[in-house]
Each structure stands twice: as structure tokens, then as C-alpha cells.
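Everything in the sequence shown is counted per full-length UniProt numbering, starting at 1 for the first residue and increasing by one. Cβ coordinates follow ideal geometry from the N, Cα and C atoms, glycine included. Fair warning: this is a prediction, and the values are worked out from it, not measured in the lab. Input: a single structure, listed below in C-alpha cells.
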Amino acid sequence: MRGLPARALVLALEVSTTMVRSELDSVDALQETRIGVALFSDCAGAVVLTNGIGSDGPGPRASLPSPQPVYDLLGWEHAVLPDTSADLGFDVDPAGWKVVLSPRVPHLAQASIRPAYDALLRSLPPPPLGPPAGPRSDPADFDWAMHPGGATILTGAERAMGISSEHMRASYDTYMNHGNSSSATIFAVLDRLRSKDMDALAPPARGEAGGRPRPREHVVACAFGPGITVEMCMLRRRNVGQAARAARDVSGLQTPPETESEVSSRSGDGDGDDDAEAAGATETAIAAGEGDGVREPAGWPRAGDGDGAGDDDAFISEALAGVELD
């Protein structure tokens, strides 16, 4: 089958509002409330993956032009953070699923981004197939399609990678207007990123402070899931040459207001502990071993690392501060 045209439809459908019933049941029976039901929304997204081999051979489709891709997939990385299965997931209940979301998730997510990024760059092919970047490339050289799990996830990614909110403009826009739609959200972010009004909000090129918006040709996409699992890939935009050359008449990028814990965390960055953990590079590849499960390199956060994001009350207050109800 090698060398033949191949296409696969990948579909993600999340109907998170079904969790309302089970959460109301918990309130009635156990006097127990969880914040997760207020954070999630419904969404469906789909992509078609192809191996890039056209349909110009014999057959009924020989005369049809091959569709041009929106993104080229250059490489990806995957890891499961050890000892985090109780931090993020879903409990199956007769009345519906219940979301499991511990206060440590923002801390664990922030600390996992840099190791995944470093491993991803090492796995990429050299130019011209890969991006013109070495293993120590500046993250600001890329646009970022970050899964908007919450305001603290996005601001944590900014701190961990030294990027601005404009690099993640599509993630913020999706979060502010639609919230977190679980697995389908990353498709919504990638679709939003390719729009012209997002191009107009791109940061200028490095060394061009105050210059024109410069949408990046390459995009780092990153998402988190139960496990906790971390997925990251490098994409190349096919339409970057058609990006806006001057700022359009837009109102500017909207981002959620900082919570009190974010302000205190930012002011306490001088001790370097979180930065050292978030930037923990690794020399071991992040990959699923053949028969030996997932190998966890040094630098990945573990369950006992740090004190998380505070107690449950503080976590709920932070989450509510970033929620907008229509």
C-alpha cells in the first residue's frame, strides 16, 4: 500500500453540556459542586489528513485536481505525565460524565510545554522539509495554537516559552468566545488562526518592535488531555504568503483579566524555581516505546513536584474569574 494516495477523516465531537445533569445530581444528592461544568462547551471539528500523493493516476478521479492543504504536518511529539491520572479526566456516572480537574493542572501543563517543545524540534527534518530552526530556536519564531484549557493555561504557556498573547491570538480568541470544548477545541483554534483578522493581530518579527504584523509560516500546536497527556506538533501554513501585509481595522486582541494568583505568581518569578522546572530540557526522546510503554524523560513534572495552584477555594475563584456567561 505504500506510495498510493491516502486520505483519512479525523473527527472530534464534544457534547459537554451533557455533564450538567450529572453535576446537578451531585448537588442534590451529595451537596457537592465542581467547577468543570461551567468551563466546557460543545464543539465539533474535523480535518482530512493526506499523505500528499495526488490522484493523477488511472481511475475515475484522475482528472480531478488534488485539493491544496491548509497546513503541512512536519512532525509531532506525545507524552504521558507520570502520576497524574487523578488530576484530569472524567468519572463515568449513571447520570452522565463528571469532569475531574485538580488545582494542579495549570502548574503541570506549564511545566510540560518546554520539554515537549525541545523534543519536537529535535525530531523535525532539516530544511527545506522542516522549519529553518535549530534545537535552540526561539519559540517566538513560531505562531502557537495552544489548547485553551483556561486562562491560567494560556498565561502559563506565555511565561514558560517567553511568547506574547499575540503569538497565541487564535487560542485567546477561541477561549473568550467559545470556552474550552475539550478535544475538539484545537481544531477550532487552527481554523481561527488562518483567518485574515487573526493575521492582522500577529506580533511583528523579532527585532521589529512596533512593526507590521508578521504571521509566522510555522505553527506549534499543543493540546492536553486526561492522563495527563501532552500532544504537540509542528505545522507549516500554506497560505502565509496571502497574509495581511498591514493591520486591518480591528479592535485588538482580547485576553481574560489576570487573577490574583497570577499576579502573585508573576511577582514571585524571581526565585527561579518554576522557571527551572518549566524549562527543564531533556536529552531523552519523548516517545512510546515498543512494548515498554511511554518513556518519561527527565524534566517532565511529576505528581509531587511543587505545591500546585493553591487550595480548592482559590482554584474555584480563579476559574470563575475567567468565565463569561452569555
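Return the first residue and the last residue of the beta strand (DSSP E) that A116 is part of.
From DSSP, A116 is part of no beta strand (DSSP E) but of the alpha helix (DSSP H) over 105–123.
Bridge partners for H78 per DSSP, in chain order?
Answer is E231.
Three or more C-beta pairs under 8 Å: does that hold for the stretch 88–99 against the stretch 34–49?
Taking one beta carbon from each stretch, the stretch 88–99 and the stretch 34–49 have 3 or more pairs nearer than 8 Å; the two touch.
Would you please state the rounded distance, in angstroms, between the beta carbons of D199 and P213? I believe it to be under 8 Å.
Cβ atoms of D199 and P213 come within 8 Å of each other, at about 6 Å.
For the stretch 219–238 against the stretch 180–198, do three or more pairs of beta-carbon atoms, one drawn from each stretch, fall closer than 8 Å, so that the two count as touching?
Contact annotation: the stretch 219–238 touches the stretch 180–198, with at least three C-beta pairs closer than 8 Å.
So, for P69: in the same chain, excluding its five sequence neighbours on each side, which residues have a beta-carbon less than 8 Å away from its beta-carbon?
So the qualifying residues of the chain are T50, G52, R238.
Local Cβ density within 10 Å of S164, reported as buried at 16 or more and exposed below that
Of the other Cβ atoms in all chains shown, fewer than 16 fall within 10 Å of the Cβ of S164; this residue is therefore exposed.
In its own chain, which residues sit with a C-beta less than 8 Å from the C-beta of A44, not counting the 5 before and 5 after it?
Excluding sequence positions up to five before and after A44, its CB lies within less than 8 Å of the CB of L11, A12, L13, E14, A184, all in the same chain and listed in chain order.
Considering only their Cβ atoms, is the gap separating L9 from A46 smaller than 9 Å?
Less than 9 Å separates the beta-carbon of A46 from that of L9.
Beta-carbon separation (whole angstroms), D87 vs R104, contact threshold 8 Å
Between the beta-carbon of D87 and that of R104 there is about 6 Å, and that keeps the pair under the 8 Å contact cut.
Roughly how many whole angstroms lie between the Cα atoms of G211 and E166?
Looking at the two C-alpha atoms, the distance is approximately 13 Å.
Going by DSSP in three states, N177 sits in which element: helix, strand or coil?
In the three-state scheme derived from DSSP, where H, G and I count as helix and E and B as strand, N177 is classed as helix.
Could you check the C-alpha separation between S181 and T17 for me, to the nearest Å?
Cα atoms of S181 and T17: separation of roughly 10 Å, rounded to the nearest angstrom.
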